[in-house]
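Structure first, commentary second.
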Amino acid sequence: AQKVTQAQTEISVVEKEDVTLDCVYETRDTTYYLFWYKQPPSGELVFLIRRNSFDEQNEISGRYSWNFQKSTSSFNFTITASQVVDSAVYFCALSEAGGANSKLTFGKGITLSVRP
Amino acid sequence: DVKVTQSSRYLVKRTGEKVFLECVQDMDHENMFWYRQDPGLGLRLIYFSYDVKMKEKGDIPEGYSVSREKKERFSLILESASTNQTSMYLCASSLRGGSTDTQYFGPGTRLTVL
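Here it is in structure tokens:
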């Protein structure tokens, strides 16, 4: 069965610090997809990134970067020079390529607080 | 931009009432999903639908039903609301491909059952 572990539950940093959010996953499939979502205090989950299991290239988008390592089953998310607006709950999620009945499994989320 | 809307941001109902939560997406997505989110439990899938009039049970379907009469609309129904159904309900949609395609979420409905 697929599983996502976000061992960090709460992280607090001061503005401009870099912060890394960890995500470890378990799956028996060779084809799967990984996601990160952000949930600000308003409640809506905002999509950040989707990555398939065959693409291990790291990705950078502005202050955000993602490090995908199949050898350690990890898909970590780094925010560089954090800002107060980055304060949110961040979810990592996994979906196995099981066709129409595949399900998205979420981690428990990491609450990030960025202090001015 | 994908737009997923939910009928209410906040809802207060009494035990035993029948409750309808509505979700509408405007991007012609095939798949739609209902989740509930609770502290310490994360997001859990209630039901999903990959086509009109089709529905599949998720991980926690007990006490809920769904309806999808039109492609853009997916309704979650609490036949007889109970206090343990107090939660945040999130609707999502994706273009196709089950859950491997990106899911886009609505703003959520915070339901309180008294």
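Taken in order, these protein sequences are the chains called A and B. As numbered in the numbering used here, residues 1086 to 1201 make up the first sequence, in order. As numbered in the numbering used here, residues 1143 to 1256 make up the second sequence, in order. For each residue, glycine too, the CB sits at the ideal point set by N, CA and C. Being a predicted model, the structure only gives us computed values, none of them experimental.
Query                                                                                                                                                                  : Result
Any idea which residues DSSP pairs residue 1119(A) with across the strands?                                                                                            : 1136(A) and 1179(A)
Under 8 Å Cβ-Cβ, which residues of chain B neighbour residue 1191(A)?                                                                                                  : 1184 and 1185
Rounded C-beta distance between residue 1208(B) and residue 1231(B)? I'm assuming under 8 Å.                                                                           : Residue 1208(B) to residue 1231(B), Cβ: 12 Å. No contact.
Residues of chain B with a CB under 8 Å from the CB of residue 1173(A): which are they?                                                                                : By Cβ distance, chain B contributes nothing, its closest Cβ being about 13 Å from residue 1173(A), past 8 Å.
Assuming residue 1107(A) contacts residue 1172(A) under a Cβ cut-off of 8 Å, what Cβ separation, rounded to an integer in Å, is found between them?                    : The Cβ separation is near 18 Å, so there is no contact.
Could you check whether residue 1151(B) and residue 1174(B) sit closer than 8 Å to each other, using their CB atoms as the reference points?                           : no
Counting only beta-carbon separations shorter than 8 Å, does residue 1182(A) have a partner in chain B?                                                                : yes
List the endpoints of the continuous beta strand (DSSP E) containing residue 1217(B).                                                                                  : 1215-1220
Decide yes or no for the touch test of the region 1111-1118 of chain A against the region 1092-1101 of chain A: beta carbon pairs closer than 8 Å, at least 3 of them. : no
Shortest alpha-carbon distance to residue 1195(A) belongs to which of 1247(B), 1165(B) and 1185(B)?                                                                    : 1185(B)
Hey, how far is the Cα of residue 1197(B) from the Cα of residue 1172(B)?                                                                                              : 12 Å
Considering only DSSP beta bridges, list what residue 1198(B) is partnered with.                                                                                       : 1190(B)
Can you give me the Cβ contacts of residue 1093(A) inside the same chain, cut-off strictly under 8 Å, excluding the 5 residues immediately before and after it?        : 1106, 1107 and 1195
Name the chain B residues that come within less than 9 Å of residue 1136(A), Cβ to Cβ?                                                                                 : By Cβ distance, chain B contributes nothing, its closest Cβ being about 11 Å from residue 1136(A), past 9 Å.
Would you call the region 1240-1253 of chain B and the region 1121-1135 of chain A touching, i.e. three or more CB-CB distances under 8 Å?                             : yes
Can you give the Cα-Cα distance for residue 1154(A) and residue 1176(A), rounded to whole angstroms?                                                                   : 18 Å
Classify residue 1182(B): buried if its beta carbon has 16 or more other beta carbons within 10 angstroms, exposed otherwise.                                          : exposed
Measure how close the beta-carbons of residue 1251(B) and residue 1148(B) come, nearest whole angstrom, since I'm counting them as under 8 Å.                          : 5 Å
Quick check on the burial criterion: 16 or more other C-beta atoms within 10 angstroms. Buried or exposed for residue 1242(B)?                                         : buried
Given residue 1238(B), which residues of its chain have a CB within under 6 Å of its CB, disregarding the five upstream and five downstream residues?                  : 1172
So is residue 1146(B) buried or exposed if we call it buried at 16+ other beta carbons inside 10 Å?                                                                    : buried
Using only the alpha-carbon positions, how far apart do residue 1197(A) and residue 1169(A) sit?                                                                       : 10 Å
So residue 1118(A) contacts chain B; which residues on that side make the cut at Cβ distance below 7 Å?                                                                : 1242
So, helix, strand or coil for residue 1168(A), using DSSP?                                                                                                             : coil
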